[in-house]
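Residue numbers 58 to 240, in this note's numbering, belong to the letters of the sequence shown in order.
Note that beta-carbon positions come from the ideal geometry of N, C-alpha and C, so glycine has one too.
Quick caveat: nothing in here was measured; it's all calculated off a predicted structure.
In what follows, a structure is listed as structure tokens, so that the remarks can point back to it.
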Amino acid sequence: MRGAEETSGQMLGGSANSPIRIEVFSDFQCPHCRVLYLGTIRPVLQEYSSKDKVCVIYHEFPLSGHQYSREAARYSEAAARLGQQKLLPVIDSLFTDQEQWSKDGSLEATVAKALPNEDFLKLKKIMQDSSVNADIEKEIQLGTQNNIQSTPTLLISYIGKQQRVEGAVTYEVLKQFIDSIVK
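Written as structure tokens, this is what we have:
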């Protein structure tokens, strides 16, 4: 689900008017991305995005060294087209079950359990659209333009400034930072 002036990325929470914007360049098969999402991004969404203090935008940045990350990105991109309420459970499932599908490629089963069957069938139909791959390519190009070298990388924009954070950051550290801006 893209924000009004967004040309790429999936808005996970908050709005374009939030005082802080966190753009996350991530790979579903990256263990550090899993730690960041489950331990940091989910609590940020619950505590800050729900109150429109932080806008979180997810960017697909599948790394070529990960066998299944491109396919996981395709599932996520297709889920985004079903709306934020369908996207978040898919992202949760992909990261929660990462260890399993990273070994055996069981992405379909991982995503299927995150959605009602009717929505899963819609998602599979969406995945056949070539624009899904094209949108992932746009995300990768955006990452390249922003000199993203590794995942996860966060670009945090606030009051006319931008901070770049490479690697997983703990919720406690990010919370202190956010609280220093939106008291």
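Self-check item: Segment contact, 8 Å Cβ cut-off, at least three pairs: the stretch 126 to 141 with the stretch 95 to 106
Solution: No, because fewer than three Cβ pairs between the stretch 126 to 141 and the stretch 95 to 106 fall closer than 8 Å, the two stretches do not touch.
Exercise. Counting only the same chain and skipping the five closest in sequence on each side, list residues whose C-beta sits under 8 Å from that of A61.
Key: Reliability of the predicted coordinates at A61 is poor, the pLDDT of 35 falling under 50, and the value obtained from them is presented with this limitation in mind. Result list for A61: A73, in chain order.
Quiz item: Going along the chain, which residues of its own chain have a beta-carbon closer than 6 Å to the beta-carbon of S159, five neighbours each way excluded?
Solution: The beta carbon of S159 sits closer than 6 Å to the beta carbons of Q86 from its chain, once the five residues preceding and following it are set aside; these are given in chain order.
Practice problem: Indicate the three-state DSSP secondary structure (helix, strand or coil) for G60 in the structure shown. | Solution: With a pLDDT of 37 at G60, under the threshold of 50, the modelled position of this residue cannot be trusted, and the question is left open.
Quiz item: Nearest to Q233 by alpha carbon, out of L93, D192 and V101?
Solution: That would be V101, whose Cα lies nearest to the Cα of Q233.
Practice problem: For V226, name the three-state secondary structure that DSSP assigns. | Solution: It is coil, neither helix nor strand.
Quiz item: In three-state DSSP terms, what is R91?
Solution: R91: helix per DSSP, three-state reduction.
Quiz item: Are the CB atoms of V168 and Y132 nearer to each other than 8 Å?
Solution: A contact, by the Cβ cut-off of 8 Å.
Quiz item: For the 8 Å Cβ check, are there 3 or more pairs between the stretch 168 to 182 and the stretch 191 to 202?
Solution: Contact between the stretch 168 to 182 and the stretch 191 to 202 is absent, because fewer than three Cβ pairs lie under 8 Å.
Practice problem: Pick out whichever of P146, Y94 and S207 has its Cα sitting closest to the Cα of P173. | Solution: Measuring from the Cα of P173, the nearest candidate turns out to be P146.
Exercise. Check T210 in the structure and name its three-state DSSP category.
Key: T210 falls in the strand class under three-state DSSP.
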